[in-house]
Amino acid sequence: MGDQLVVLLDKLKSKMIKSAKKKKKPKEYARLEKSMSVRMEIKSVKARQIITRTLKAADEPGKISISS
188 MGDQLVVLLD KLKSKMIKSA KKKKKPKEYA RLEKSMSVRM EIKSVKARQI
238 ITRTLKAADE PGKISISS
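In my numbering, the protein residues as written are 188 to 255.
See below:
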């Protein structure tokens with residue numbers, strides 16, 4: 188019984204080592220540059236957020252700070 192267990196463990200170990208060697212590394216993807224329209228959209232969203240915070244702070248003076 189003990190010898191069978193050792194043989195089984197050796198087989199499993201060798202299979203695991205073989206499968207680890209066969210694993211392929213994930214492909215690297217080329218980074219896409221942001222288009223001008225995407226950059227403008229990002230700036231627009233950030234500007235809207237700043238305006239919203241500023242208006243909220245103006246509505247409740249003394250309660251909310253305008254810090255980012």
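All C-beta atoms in this analysis are idealised placements derived from N, C-alpha and C, irrespective of residue type, glycine included.
Values in this document were obtained by computation on a predicted structure and should not be read as measured data.
Checklist entry - Would you report the Cα separation of Val-194 and Ser-201, rounded to the nearest angstrom? => result Taking the sequence shown and counting its residues from 1, one reaches residue 194 at position 7. Taking the sequence shown and counting its residues from 1, one reaches residue 201 at position 14. In this model, Val-194 and Ser-201 are separated by some 11 Å (Cα to Cα).
Checklist entry - Roughly how many angstroms lie between the CA atoms of Ala-207 and Ala-217, to the nearest whole one? => result Residue numbering aside, residue 207 sits at position 20 when the sequence shown is read from its first letter. Residue numbering aside, residue 217 sits at position 30 when the sequence shown is read from its first letter. Cα-Cα distance, rounded: 26 Å.
Item to check | Start and end residues, alpha helix (DSSP H) containing Leu-199 | outcome: Taking the first residue of the sequence shown as 1, we reach residue 199 at position 12. Start and end: 189–209.
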